[in-house]
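Colleague:
Numbering (my numbering), first residue to last: 512 to 804.
1) Which one or two residues does DSSP pair with residue 805 in a beta bridge?
2) Output yes or no for whether 8 Å exceeds the beta carbon distance between residue 678 and residue 652.
3) Would you decide whether residue 772 is buried or exposed? Buried here means 16 or more other CB atoms lie within 10 Å of its CB.
4) On the three-state DSSP scale, how would you describe residue 688?
5) Using the beta-carbon count (16 or more within 10 Å), is residue 785 buried or exposed?
6) Between the segment 669-689 and the segment 757-770, are three or more C-beta pairs nearer than 8 Å?
7) Decide if the segment 620-631 is in contact with the segment 587-603; the criterion is three or more beta carbon pairs, one per stretch, under 8 Å apart.
8) Taking just the CA atoms, how far does residue 592 sit from residue 565?
9) Given residue 725, which residues of its chain have a CB within under 7 Å of its CB, disregarding the five upstream and five downstream residues?
10) So, is residue 614 buried or exposed, given that buried needs 16 or more other C-beta atoms within 10 angstroms?
11) Taking the CB atoms as reference points, tell me whether residue 774 and residue 617 lie closer together than 8 Å.
12) Would you list the residues sitting across from residue 697 in a DSSP beta bridge?
13) Nearest-angstrom Cα distance between residue 654 and residue 555?
14) Which of the three DSSP states is assigned to residue 569 in this structure?
15) Give the list of continuous beta strand (DSSP E) stretches no shorter than 3 residues that lie fully inside the segment 729-800.
16) Mind checking which residues open and close the beta strand (DSSP E) that includes residue 530?
17) Rounded to the nearest angstrom, how far is the Cβ of residue 735 from that of residue 744, given a contact under 8 Å?
18) Let's see if you can read the secondary structure: which residues bound the alpha helix (DSSP H) around residue 723?
19) Quick one: what's residue 564 bridged to in DSSP?
20) Looking at residue 645: is its Cβ nearer than 8 Å to the Cβ of residue 620?
Here it is, written out as structure tokens:
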């Protein structure tokens, strides 16, 4: 569907954690899963915001990316300790996605609060600006999110809908050759007008391809709707971060499976198939030779 998006542009860049990348490649698991850090850049390439994940080490290693976490959004470059958060984004614990995701406890969501809120400890409440949530069955064959103004309720209509590519998402081939685009559509009316878009960036050069292959660090480009308010911008940025956690946080695309049925294997995830909220990796494997001695 041809379209033009003419609003502000932001770039979301995830920091690469090399220790995590080495551990996940060597073991095929998240035994050293680290808290994520994102830089959010404006059109001039200057850091407008920095996002820091707050979560339990045990929960990350055992349950990522479905674990409970909070993202503190601070202005400019920061180490997360010298500035108060201007936005807080909270993701409650969710059950791993089954097929289909028909109950609320499996539907990924992120809640955006104004200012610094200790939502992770669940002992402080703040003003909810927006809620981003997967619909029942996750959009069927297209990964789908719905954005709601304020707190979510079952009888509330979404302000807009975010739809990804049909059926195939992620994987080494998909991310390096045909990186996915998530269109942000008006929720009302039969005409699905594209208001904005979130694009996963294609890796640049050999270094970018290596990062894509062996780590779960991802970059996105966000084209905002023309005249977007600060609340809309914060909701779309939150949507891009939720997209990363839901669809692109399953370690690198090349890893060692030490516990394969027929012995250790080197696996390459070529693409991921999407169906009703569940992601099914399609991979090729190189098996280790066994000696008869």
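Beta carbons are placed, not taken as given, at the ideal position from N, Cα and C, and that holds for glycine.
Modeller: For this structure:
1) This structure cannot settle anything about residue 805, because the visible part of the chain is limited to 512 through 804.
2) yes
3) exposed
4) helix
5) buried
6) The segment 669-689, when compared against the segment 757-770, does touch it at the 8 Å Cβ threshold.
7) yes
8) 12 Å
9) 532, 536, 763, 765
10) exposed
11) Cβ atoms of residue 774 and residue 617: not closer than 8 Å.
12) 671
13) 31 Å
14) helix
15) Runs of the beta strand (DSSP E) inside the segment 729-800: 730-734, 765-768, 776-786, 789-798.
16) Per DSSP, residue 530 belongs to no beta strand (DSSP E); it is in the alpha helix (DSSP H), 529-538.
17) 6 Å
18) 716-725
19) 582
20) Pairing residue 645 with residue 620 gives a Cβ-Cβ distance under 8 Å.
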